[in-house]
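Everything on this sheet refers to the single structure shown next.
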């Protein structure tokens, strides 16, 4: 009985962690609505390749989310603004970049 409760508790913690990573909004990252807010920051486009083809952003460094762990060394440590397609991509990207020491100033949802 104790083993069953431990397994259920472990599964519950895992589900909470996965939901938290994807769906709980990141605090302190504001939505960017104009190009003037982005002037001092570096743009990083983390959308998939097919999304970038339909709505390209010329000034951005394009690193899709699955490649971010490998290529985060290419990202300067100063302020960045990420370009995303939805809230889940924003949450995952901000958390991953913050763990690596990159300060995310804001996000732009295209």
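Residue numbers (UniProt numbering): 1 to 110.
Note that beta-carbon positions come from the ideal geometry of N, C-alpha and C, so glycine has one too.
None of these values were measured; they are calculated from a predicted model.
With 16 other Cβ atoms within 10 Å as the buried cut-off, status of residue i
i, result
"residue 107", "buried"
"residue 88", "exposed"
"residue 15", "exposed"
"residue 45", "buried"
"residue 32", "buried"
"residue 93", "buried"
"residue 7", "exposed"
"residue 82", "buried"
"residue 27", "exposed"
"residue 2", "exposed"
"residue 19", "exposed"
Minimum Cβ-Cβ distance from residue i to chain D less than 8 Å
i, result
"residue 46", "Although the question refers to chain D, the structure presented lacks it and comprises just one protein chain."
CA nearest to the CA of residue i, picked from the options
i, options, result
"residue 80", "42, 61, 70, 28", "42"
"residue 77", "104, 48, 20", "104"
"residue 22", "110, 102, 109, 91", "91"
"residue 84", "75, 99, 98, 63", "63"
"residue 98", "110, 69, 58, 109", "69"
"residue 100", "75, 51, 3, 40", "75"
"residue 51", "37, 59, 86", "86"
Terminal residues of the beta strand (DSSP E) in which residue i lies
i, result
"residue 104", "104-109"
Delimiting residues of the alpha helix (DSSP H) encompassing residue i
i, result
"residue 12", "2-23"
Per DSSP, the bridge partner or partners of residue i
i, result
"residue 30", "106"
Practice problem: Counting only runs of 3+ residues fully inside the stretch 35-93, write out the beta strand (DSSP E) ranges in chain order. | Solution: 42-45, 80-84
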